[in-house]
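Asker: The numbering of the sequence shown is my numbering, which starts it at 61 and goes up by one. Yeah, the Cβ is synthetic: ideal placement off N, Cα and C, and Gly gets one too. Just so you know, these numbers come straight off a predicted model, no measurement behind them.
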Amino acid sequence: MEKRYLYKLLLVSVSSFLLSCNGYLEEIPQNKQKLSTTDDYDQLLNNAYLTKAVLPYIDVLTDDMDYIAADRDPRFGNVADSYLGAFMWDDKIESTLTNGDETFGTFYNSAYNANVVIDNIDDAIGSVLDEQVVRKTRNHIKGEAYALRAFRYFYLVNIYAAPYDPATCAVTPGIPINLETTADDKSYRRESLQKVYEQIVDDLKKAISLMEENSMDLAKSRFSAIAAKALLARVYLYMQEWDLAIELAKDVITTNPALFDLRAAGENPVIYTESRLTEWTEESIPGIGYLSEENTNVLFVNGINELYMILGGNTAQSVFYPSETLYSSYETGDVRRYYFMRRNTRNRIRYMKNRYYQLSYLNFVVQLSSEYGYTRVIRTEEMYLILAEAYAHKSDGIGTAVGYLNTLRETKFRTKDFETSGRLHPENFTQETLLETIWNERRREFCFEEQRWFDLRRTTRPAMTHYGLVKDPAVLEKDDPRYVLQIPQKELNVNPEIGANPR
């Protein structure tokens, strides 16, 4: 019997690591290659965090992106064409993507590497003689592996399975779970949504415990205890476990209440303007990188350069732009509109949140550093919005929810405009209108951070219309089954037990 594709692609990840890491391994016979030291496992896990773009299409699916066919230039490679399938909600978007749908396999690969670490690191040899230090290192790496595995499964289940509903999760198909590292020849079937989320929660609880007890000071591209807590708060929000979401989010902001403060930028006329010529240097504004790991409000970063080929200003090949509806959703005095995007001389909205602009392009001049920016970011702003949403679902929570919203919004508005157009008042809301306000705030705050599609799925799943190259628009109906992406065909071919998603 042929070994299943899902297992084979997982096995490749470790063998590739062994063959590429530290040239001395190339001389060791294949059957003798093994991970033995804490450094080996640390490097394997580091590779599992991923540095290549694997999910560039997720924001293309949303109402935050417009496609302007008139800007398509056949002289270039038309990078945008490969994302048109996603933009038009084709059932099999992999057919138009340059390398197919790499998300499924790459994220399972990453989770498999985490399995290897979890199963074996307890026996790893340390690089120092102090056994206490070695034990601490082992446990922290193991905690990271649990967090990373949870992170990958959270993304997989929110891409390839239905949104979580407490009333039906026990019988709703989720995704396959593989916690093993053995080479068993077996098929992989879906577990229920309930079981998938239980696994994610269990992994994150273990991660938090291990990393809190064995704290290490690492880069924010690696998980920490506080980042794992923040992710668990997000998971509980998706599960509609409001009290647990509140508990975790409060825990995070008690430790780190920092928010990225845009008020100083709002007082700078060079920034807060529709100017066609923008001089945006590091001297202009403190903390220029909104998603930089240097910022105290940023807890975890992943997914560098994901949107570069779609929204990068110097590619000249993409005709995707931030949508007019997103741009107009920012209120008077909201600095984020001008901090995240600008209009150029051709009246096109150009994206700046990840700071892809590095040279003059179409008379739009921006001076930026070489940092491209991240898309899968966990930061404290999310905790305030989780608290607002969770409290909004409680019978007596409107006032508290609005309070958390105002705490966030005050740091994003010009000081002189906040009281008149930024401050919200509890008496003006019902639960329904408050939730809509919170979801819109999430849209503005997290634009192009791979959260909008997930938010649309888990809340109202509205009807949307996209206009591409052809005359007829693509329509995603309300509650459309295409809010769940299709399992890649190459996986279904060798592992049919997974089953295609309904259409």
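(1) With DSSP as the reference, identify every bridge partner of V358, one or two as the case may be.
(2) Helix, strand or coil for F380? Go by DSSP, reduced to three states.
(3) Between P116 and I370, how many whole angstroms is the CB-CB distance? I'm expecting something under 8 Å.
(4) Just to confirm the assignment, what range does the beta strand (DSSP E) spanning V120 have?
(5) Where does A174 fall in DSSP's three states?
(6) Give a yes or no on whether the C-beta atoms belonging to F320 and N357 are separated by under 7 Å.
(7) Which one or two residues does DSSP pair with F164 in a beta bridge?
(8) Nearest by alpha-carbon distance to S142: which of S155, R408, L104 and P134 is it?
(9) Using only the alpha-carbon positions, how far apart do K112 and Y168 sit?
(10) On the three-state DSSP scale, how would you describe F636?
(11) Applying the 10 Å Cβ sphere with the 16-neighbour rule, what's the burial state of L322?
(12) Since T98 and G186 should fall inside the 8 Å C-beta cutoff, what is the C-beta to C-beta distance between them, to a whole number of angstroms?
(13) Within 10 angstroms of its Cβ, does T435 collect 16 or more other Cβ (buried), or is it exposed?
(14) Residues in the same chain with beta-carbon distance under 7 Å from G457, minus the five sequence neighbours each way, listed in chain order, please.
(15) How close, in whole Å, do the beta carbons of G393 and F478 come, if the pair is a contact with beta carbons under 8 Å?
(16) What are the start and end residues of the alpha helix (DSSP H) that includes M271?
(17) Between the C-alpha atoms of T480 and Y390, what's the straight-line distance to the nearest angstrom?
(18) Report yes if the CB atom of A207 is closer than 7 Å to the CB atom of A288, and no otherwise.
(19) Looking only at DSSP bridge pairs, what is I458 linked to?
(20) In whole angstroms, give me the CA-to-CA distance for V312 and M443.
(21) What is the DSSP secondary structure of M586, reduced to helix, strand or coil?
(22) If you run the structure through DSSP and keep just helix, strand and coil, what is V312?
(23) Nearest to P548 by alpha carbon, out of Y127, T166 and L104?
(24) A285 and E272: beta carbons closer than 7 Å?
(25) Is it buried or exposed, Q192, if we count other Cβ atoms within 10 angstroms and call 16 or more buried?
(26) Give me, in chain order, the residues of the same chain whose beta-carbon lies closer than 6 Å to that of I153; leave out the 5 immediate sequence neighbours on both sides.
(27) To the nearest angstrom, how far is the alpha carbon of N423 from that of S383?
(28) What residues match up with M125 in a beta bridge as DSSP calls it?
(29) Between G528 and A129, which are expected to be in contact by the criterion C-beta below 8 Å, what is the C-beta distance as a whole number of angstroms?
Answerer: In short, the structure shows the following:
(1) DSSP output for V358 lists R439 as bridge partner(s).
(2) Note: F380 maps to strand in three-state DSSP.
(3) Between the beta-carbon of P116 and that of I370 there is about 6 Å, and that keeps the pair under the 8 Å contact cut.
(4) Run containing V120: none; DSSP gives neither H nor E here.
(5) helix
(6) With respect to N357, F320 sits close: the two C-beta atoms are nearer than 7 Å.
(7) According to DSSP, F164 bridges with nothing at all.
(8) S155
(9) Looking at the two C-alpha atoms, the distance is approximately 15 Å.
(10) In the structure as shown, the chain begins at 61 and stops at 563. Residue 636 is therefore absent and cannot be evaluated.
(11) With at least 16 other beta carbons inside 10 angstroms of its own, L322 counts as buried.
(12) 5 Å
(13) So T435 ends up on the buried side.
(14) For G457, where only same-chain residues beyond five positions count, the Cβ hits under 7 Å are Y451.
(15) 6 Å
(16) L253 to E273
(17) 14 Å
(18) In this structure, A207 places its C-beta atom within 7 Å of the C-beta atom of A288.
(19) I458 pairs with nothing; no bridge assigned.
(20) 7 Å
(21) As shown, the chain starts at 61 and ends at 563. That puts residue 586 outside it, with no answer to give.
(22) helix
(23) T166
(24) yes
(25) exposed
(26) G145 and A146
(27) With a pLDDT of 35 at N423, under the threshold of 50, the predicted position of this residue should be treated as unreliable, and no value is reported.
(28) P382
(29) 7 Å
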